[in-house]
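Working notes, beginning with the structure itself.
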Amino acid sequence: MKALYLLPLILIGCDRSGDDLIPQPNGDFDAVIEIGELGVMTPAKLSEFRSSGGGAKAWCDASLADYDERLCYYGILGQAEAGTQGGATFTFKGTGREVCVLVDPEAVFWNQAVAAVRPTREYRYPDVEEDDGDIDLFGGLSSYYTGSPGLEVGNFRGFYTDSQGNQVEIEYGECVQSSQYTAGSHAGRAAPEFCTMDTNNRIGVEYTMVLESFSIPLDDGALSFGVVVLEGSCADYVINECTLYGESLVANRDDQGQVQRDDLGDPLASARSCSVQLEQAACDEQLLQFCCLYPDMCGEDPPDNVCRSVETQLETFCSDPETAKYCCD
Numbered sequence: 021m022k023a024l025y026l027l028p029l030i031l032i033g034c035d036r037s038g039d040d041l042i043p044q045p046n047g048d049f050d051a052v053i054e055i056g057e058l059g060v061m062t063p064a065k066l067s068e069f070r071s072s073g074g075g076a077k078a079w080c081d082a083s084l085a086d087y088d089e090r091l092c093y094y095g096i097l098g099q100a101e102a103g104t105q106g107g108a109t110f111t112f113k114g115t116g117r118e119v120c121v122l123v124d125p126e127a128v129f130w131n132q133a134v135a136a137v138r139p140t141r142e143y144r145y146p147d148v149e150e151d152d153g154d155i156d157l158f159g160g161l162s163s164y165y166t167g168s169p170g171l172e173v174g175n176f177r178g179f180y181t182d183s184q185g186n187q188v189e190i191e192y193g194e195c196v197q198s199s200q201y202t203a204g205s206h207a208g209r210a211a212p213e214f215c216t217m218d219t220n221n222r223i224g225v226e227y228t229m230v231l232e233s234f235s236i237p238l239d240d241g242a243l244s245f246g247v248v249v250l251e252g253s254c255a256d257y258v259i260n261e262c263t264l265y266g267e268s269l270v271a272n273r274d275d276q277g278q279v280q281r282d283d284l285g286d287p288l289a290s291a292r293s294c295s296v297q298l299e300q301a302a303c304d305e306q307l308l309q310f311c312c313l314y315p316d317m318c319g320e321d322p323p324d325n326v327c328r329s330v331e332t333q334l335e336t337f338c339s340d341p342e343t344a345k346y347c348c349d
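The structure is reproduced here in structure tokens:
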């Protein structure tokens with residue numbers, strides 16, 4: 021008899037398919053794109069690039085004309101069809117030394133607000149999870165890449181048959197990705213991922229990098245990102261959310277609502293309003309003040325009185341030279 025009472029509860033608890041957690045493919049953005057070749061950026065060029073702030077995409081787009089090579093790329097990926105792996109690929113030439121490949125998907129993510137333990141003061145205000153995406157990074161010599169750029173995302177796995185007739189898989193990938201918190205692991209949603217690749221004795225040899233789209237944001241079904249190849253090891257740089265600014269993009273649309281594109285077919289886009297300030301606030305531990313001032317940029321249902329501790333600071337937040345950079349126009 022007890023089993024009969026439980027049956028309706030079981031049926032009620034299984035009425036969700038989870039489809040609402042996966043955006044539907046749309047025709048606005050390609051699920052698989054080919055970026056082309058990127059040059060290797062020096063530390064001096066990185067400083068110049070970062071000073072552009074919210075104009076980072078425009079700086080990257082202009083680098084081809086200014087420096088005769090594209091030094092970075094900002095783009096947008098769409099949701100792939102079921103059973104198809106989405107992502108982007110690009111190439112670079114070996115320098116004979118170590119290089120650091122870095123990708124930063126939109127936007128900013130923190131989750132301590134829903135943690136089992138009490139979050140630190142900085143992260144008490146919840147995040148908007150629907151605007152966060154996740155990209156996984158892989159790479160190796162182009163000669164080992166199995167995909168078709170712009171058509172199909174592949175990998176760097178090969179096979180051989182041993183003397184016993186057994187087929188053995190070989191991994192030719194050379195990118196062991198890391199995050200700012202953990203080495204040899206995926207960084208997770210909206211977090212920069214990077215890897216150091218040693219191109220010793222391979223000057224001019226072509227490498228292919230694969231940016232696999234693992235999770236597409238639910239708010240618009242599009243995943244924007246920035247990517248760069250830096251001179252030297254990733255350990256030579258402080259890599260965090262603010263290494264690449266302005267990767268949360270909004271595409272330009274015409275009067276009919278169609279996405280506008282440049283001569284190369286890439287979507288014309290610019291940084292989402294106030295997103296650069298959100299990144300800066302996250303990097304400088306000003307998230308609570310920022311979210312209390314701009315709640316639309318952060319999550320819903322914050323804890324009661326979460327902003328009470330910063331009420332006094334908010335009165336001068338945008339007039340104080342130290343914090344004015346976090347204020348949106």
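For the sequence shown, the numbering used here assigns the number 21 to the initial residue and increments by one for each residue that follows. Cβ atoms here follow ideal geometry from the backbone N, Cα and C, with glycine treated the same way.
| Check | Outcome |
| --- | --- |
| Since C120 and Y265 are thought to touch, with beta carbons under 8 Å apart, how far apart are those beta carbons, to the nearest angstrom? | Not quite, the Cβ-Cβ distance comes to about 17 Å (not below 8 Å), so this is no contact. |
| Only counting runs of 4 or more residues, tell me where the alpha helix (DSSP H) segments fall wholly within the region 36 to 92, in order along the chain. | 63 to 70, 76 to 87 |
| So within the region 215 to 300, which uninterrupted beta strand (DSSP E) runs reach at least 3 residues, ignoring any that extend past its ends? | 226 to 235, 242 to 251, 269 to 271, 289 to 291 |
| How many Å lie between A255 and V148 at the Cα? | 30 Å |
| Put V121 into one of helix, strand or coil per three-state DSSP. | strand |
| So the beta strand (DSSP E) F337 belongs to, where does it begin and stop? | Taken as a continuous stretch (DSSP letters only), F337 belongs to no beta strand (DSSP E), as it is neither H nor E. |
| Could you tell me whether the region 273 to 284 touches the region 300 to 313, using the rule of 3 or more Cβ pairs below 8 Å? | no |
| Give every residue of the same chain whose Cβ lies closer than 7 Å to the Cβ of R70, excluding the five residues on either side of it in the sequence, and list them in chain order. | Y265 |
| Who does E352 pair with in a DSSP beta bridge? | The structure shown does not extend to residue 352, since the chain is modelled only from 21 to 349, so the question has no answer here. |
| Identify which residue in G185, T263, Y87, I55 has its Cα closest to the Cα of Y214. | Contrary to the premise, residue 214 reads as Phe rather than Tyr in this sequence. Looking at the Cα atoms, T263 is the closest of the given residues. |
| What's the call for E172, buried or exposed, on a 16-neighbour Cβ count within 10 Å? | exposed |
| Work out the CA separation of T332 and L231 for me, nearest whole Å. | 44 Å |
| Excluding sequence positions up to five away, which residues of its chain have a Cβ less than 7 Å from the Cβ of Y346? | Q297, Q300, A301, Q306, F310 |
| Where DSSP assigns a beta bridge to Y94, which residues make up the other side? | G246 |
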